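Data first, discussion second: the structure below is written as structure tokens.
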Amino acid sequence: MHSGWAIFIAAVTILSLVACVILLVIASRRQVMSDDNTTGHVWDADLREMNNPLPRWWMWLFVLTVVFAAVYLAFYPGLGSNAGTLNWSSQGQFEAEQAKARTAMAPQYARFVAMPAEELVREPQAMGTGQRLYLNNCAACHGSDARGSKGFPNLTDKDWLGDNSLDAIKKNIAEGRVGMMPPMGAAVGSVDDVRNVANYVLSLSGSGHSDVAAQLGKAKFGTCAACHGADGKGNKTLGAPNLTDRVWLHGGGEQAVIAMIVKGKNNVMPAHAKVLTPEQIHVLGAYVWGLSQSTPVAAK
Amino acid sequence: MTGDPALTVDPAAKAETGADRRESVIRLYEKQPEIYARAVSGWFAGWRWALVWATQLLFYGVPWLQWNGRQLMLFDLEARRFYIGGLVLYPQDFIYLTALLIVSAYALFLFTTVAGRLWCGYACPQTVYTEIFMWVERKFEGDRMQRMKLDAGPWGARKLLRKSAKHGAWIAIGLWTGFTFVGYFTPIQTLGASVLSLGLGPWETFWVLFYGFATYGNAGWMREQVCKYMCPYARFQSVMFDKDTLVIGYDAGRGEPRGTRGRKTDLEAAKLGHCIGCNLCVQVCPTGIDIRNGLQYECIGCAACIDVCDGVMDKMQYPRGLIRYDTQTGMQGHLSRSEELRRVFRPRVLVYTAVLVSICAALVTSLWLRAPFKVNVVRDRGSLASIVDDGFIANVYRLQIMNTTEQVQRYRIGVQGLPRAATDVAGVVVVEAAQARWVPVAVTVPPDDAARAGAGPHGIEFTVERLSDVPGQAPYRIQEHSTFIVPR
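If you read the sequences in order, they're chains A and B.
In our numbering, each residue carries its 1-based index in the first sequence increased by 853.
In our numbering, each residue carries its 1-based index in the second sequence increased by 3.
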């Protein structure tokens, strides 16, 4: 807060408190002319105000609220930018509650962390937790059914861009992942060359293509082979996708493949190490691992 | 209302002396006089005690009742489950609380219109706890005169002992009340165990003490002040009143002129009414008013003055009912019983009754027809639609299935609305007792059916069936609407 405003707010707060006290003192006793138990005020010639005092405890409640305000302002933030002696903040309270929840769940997670993926997927409680973590953190991109969509990988098939061990999945969740396909249009050659290579790529998975163009493009595929391999089966170390299956993360068909070759792609999976604890990542990783296993996951 | 006599001016006294205007002090506040209500017994006092027993047996007793291995009535705020008998309520069922509040409000309006402040006089916790606390007070300090003498007297060992014993008993009742109150939200048996082992959580401690202090303060110290200055109902109940509302009234026509007399005095000759001016009706009044001044907002309708006056009338061998429950028209016109009864069925009573009965009927019907589970459908927002294997169009949803029974249940999920639409949920979904579960569901439609339906959104219905374990019993079915989008 700007210091000028902070001073203004502090001043207004203190003045209001003082005004409350002054009001009480001024109003508490009043000398008036009256002989009929009224305050002596007359409106419209006949409306008079009866002397009807408040109970004393009411006055003490009033005083108490003023005292409460002073005590509150001493402990909690309220006087402008003064943080109060308790140093309370909503952020701090939130973190304290998170820490408390973590402590409460610690024994549960400690048990899960000691278990390998194969055991965790048979543990309904772990999979329930995993599913909730998944729905809260992953489903926005990968979909509630984890089948992904264009640009967001399907987690339930057996097609993995990288290693599909639990450790690799956990690393991807924690640190994120960057999938980078450089623009290769110039390296491949002319517009026709690019179309020919695209047709060759489509032919690898038996997708719709022109045989003539594919034959012409085969020679130019050497540029791609550096990452995708001479047989087009990809390279899991580099994260280069397998081109011989029919999984098209960024869209299939000639136009999409041409666009990919010409423009390249930079696809990012954000890191979650700051959002999730290592124990949560372990359980979540096992849940994701379980999604692509042939035996159905316990919680499904 | 009456303050320090030196500071307030009695208009009657001034009028008599015809004195000149003089200066006096108007005060914003003043100490309220202590009210020493005299003990009373009789027909209405019996009713009040009956209601004290009924309400308190209910309040203190219910948390200890068990049902199917859990507390009969438990409001589990942490898990957001509210157990009332066999009923398991979710936060989604808050409409029932609304209905309950409306029923309570209209019942209050109806009773008030017909018979005045019945609630205040007999059933209000403020009255009930004050009754209990005054009984304790009488046990330790005696009745009205003894209490006044004790308070006026100097502090000594005897006074200290009696006062501290009274407050000790009050605090004990207050704490037990607070403990019971918290026992509706935390299982009371574990709560009792943690009290005994001094292991009460900070919030439980706070609420036990808070509610305990509120009971002690309100029933021990505040008493009629709550009714006079705090209670909103006391202030707006007068709008429910009319001339045919049953109120506690003093029959001035019969009672006046009041005065002392012997039992044998000839009233005609002495020009006296039935009121002997004993002031007992003032002494028993818990709010410290004189009912003979007419209907006053302070009157909580407890009928203590009726009980005590009837006793006096019996002694004097006059007919009972100088102070009685009667309507204002009845008091003035001396209507017969049947005439007064006929006046009960007046428009506002009929309207209140109609509203009350219809809401009660709606509430009962709604509870009776209540589904044993709930379903929410949430469409995935990340992607509207995707094309999966063989050109099938897929839309993804999350179904939340909330099991409102206390048994494990099995559900089958289906979808209708588009030809050959299918879900990917294989087999049945199992949901634990009183638990909710999210189920991701992908709905797929074959490409030719999707093309025939056309691009854009299409309404679909999810059907969730609870499978019955009883052979031959039809499954319970809930349909939930959603939208299936076919991309362009």
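Beta carbons: idealized from backbone N, C-alpha and C, even for Gly.
Because the structure is a prediction, the values reported are computed rather than measured.
| query | result |
| --- | --- |
| Close beta carbons around THR1009 of chain A, own chain, < 6 angstroms, minus the five adjacent residues each side | ALA999, ARG1000, LEU1144 and SER1145 |
| Endpoints, the alpha helix (DSSP H) within which PRO450 of chain B is located | 450-456 |
| Alpha-carbon spacing of ASN890 of chain A relative to TYR236 of chain B, whole angstroms | 28 angstroms |
| Buried versus exposed, by CB contacts within 10 Å (16 or more), PHE928 of chain A | exposed |
| Check whether GLU468 of chain B and PRO460 of chain B have beta carbons under 8 angstroms apart | no |
| TRP910 of chain A at chain B interface by Cβ criterion, 8 angstroms | yes |
| Cut-off 8 angstroms between Cβ atoms - residues of its own chain near ARG264 of chain B, not counting five sequence neighbours on either side | LEU270, ALA273, LEU275 and ILE279 |
| C-alpha gap between PRO939 of chain A and LEU932 of chain A, whole angstroms | The sequence shown places Leu at residue 939 of chain A, rather than the Pro named in the question. Rounded to the nearest angstrom, the two C-alpha atoms are 13 angstroms apart. |
| Straight-line Cα distance separating VAL919 of chain A from CYS873 of chain A | 8 angstroms |
| Buried versus exposed, by CB contacts within 10 Å (16 or more), LEU61 of chain B | exposed |
| Local conformation of MET233 of chain B per DSSP, three classes | helix |
| Start and end residues, beta strand (DSSP E) containing GLY893 of chain A | 891-896 |
| Beta carbon of TYR400 of chain B nearer than 8 angstroms to that of VAL433 of chain B | no |
| As assigned by DSSP and simplified to three states, the class of GLN69 of chain B | strand |
| Residue range of the beta strand (DSSP E) that includes ASN406 of chain B | 396-406 |
| For GLU329 of chain B, the residue or residues it bridges with in DSSP | Residue identity differs from the one stated: residue 329 of chain B is Asp in this sequence, not Glu. Answer is B:VAL250. |
| Stretch pair the stretch 337-348 of chain B + the stretch 359-375 of chain B: three plus CB contacts closer than 8 angstroms | no |
| Cβ neighbour criterion (16 or more within 10 Å) applied to MET233 of chain B | exposed |
| Nearest candidate by alpha-carbon position, reference LEU1069 of chain A, set A:LEU1096, A:ARG1048 and A:HIS995 | A:ARG1048 |
| Collapsed DSSP secondary structure at GLN299 of chain B in the structure displayed | coil |
| Opening and closing residue of the alpha helix (DSSP H) in which VAL391 of chain B lies | Run containing VAL391 of chain B: none; DSSP gives neither H nor E here. |
| Near the ligand ADP: LEU325 of chain B beta-carbon under 7 angstroms from a heavy atom | Of the ligands one can find in the structure shown there are none, so the ligand ADP has no counterpart to examine. |
| LEU988 of chain A at chain B interface by Cβ criterion, 8 angstroms | yes |
| Same chain only: Cβ atoms within 8 angstroms of ALA860 of chain A, ignoring 5 sequence neighbours per side | The sequence shown places Ile at residue 860 of chain A, rather than the Ala named in the question. Taken in chain order, the residues that qualify are GLY933. |
| LEU212 of chain B: contacting residues in chain A (beta-carbon distance under 7 angstroms) | In chain order: nothing, as chain A lies at least about 17 angstroms away. |
| Beta carbon proximity, LYS34 of chain B to chain A, threshold 8 angstroms | yes |
| Neighbour list for LEU917 of chain A in chain B, Cβ cutoff strictly below 7 angstroms | Within chain B, no residue comes near LEU917 of chain A; the closest Cβ sits about 13 angstroms away, beyond 7 angstroms. |
| Counterpart residues of GLY1032 of chain A in DSSP-defined beta bridges | A:ASN1120 |
| Neighbourhood of PHE182 of chain B by C-beta distance below 6 angstroms, restricted to the same chain and skipping five residues each side | VAL211 |
| Anticipated Cβ contact below 8 angstroms, LYS404 of chain B with ALA439 of chain B, distance rounded | Here the sequence assigns Ile to residue 404 of chain B, which means Lys is not the residue at that position. Yes, they are in contact, since the Cβ atoms of ILE404 of chain B and ALA439 of chain B sit about 7 angstroms apart, within 8 angstroms. |
| Amino acids of chain B, ordered along the chain, whose beta-carbon sits closer than 7 angstroms to that of GLY996 of chain A | ASP383, GLY385, SER386 and VAL399 |
| N- and C-terminal bounds of the beta strand (DSSP E) containing ARG84 of chain B | 84-87 |
| Inter-residue CB distance, LEU31 of chain B and SER881 of chain A (contact presumed, cutoff 8 angstroms) | 5 angstroms |
| For ARG349 of chain B, the three-state DSSP class (helix, strand or coil) | coil |
| For PHE814 of chain A: DSSP bridge partner residues | It is not possible to answer for residue 814 of chain A, since the shown part of chain A is limited to 854 through 1153. |
| Chain A residues whose Cβ lies nearer than 9 angstroms to that of LEU31 of chain B | LEU877, ALA880, SER881, ARG882, ARG883, PRO906, LEU907 and MET912 |
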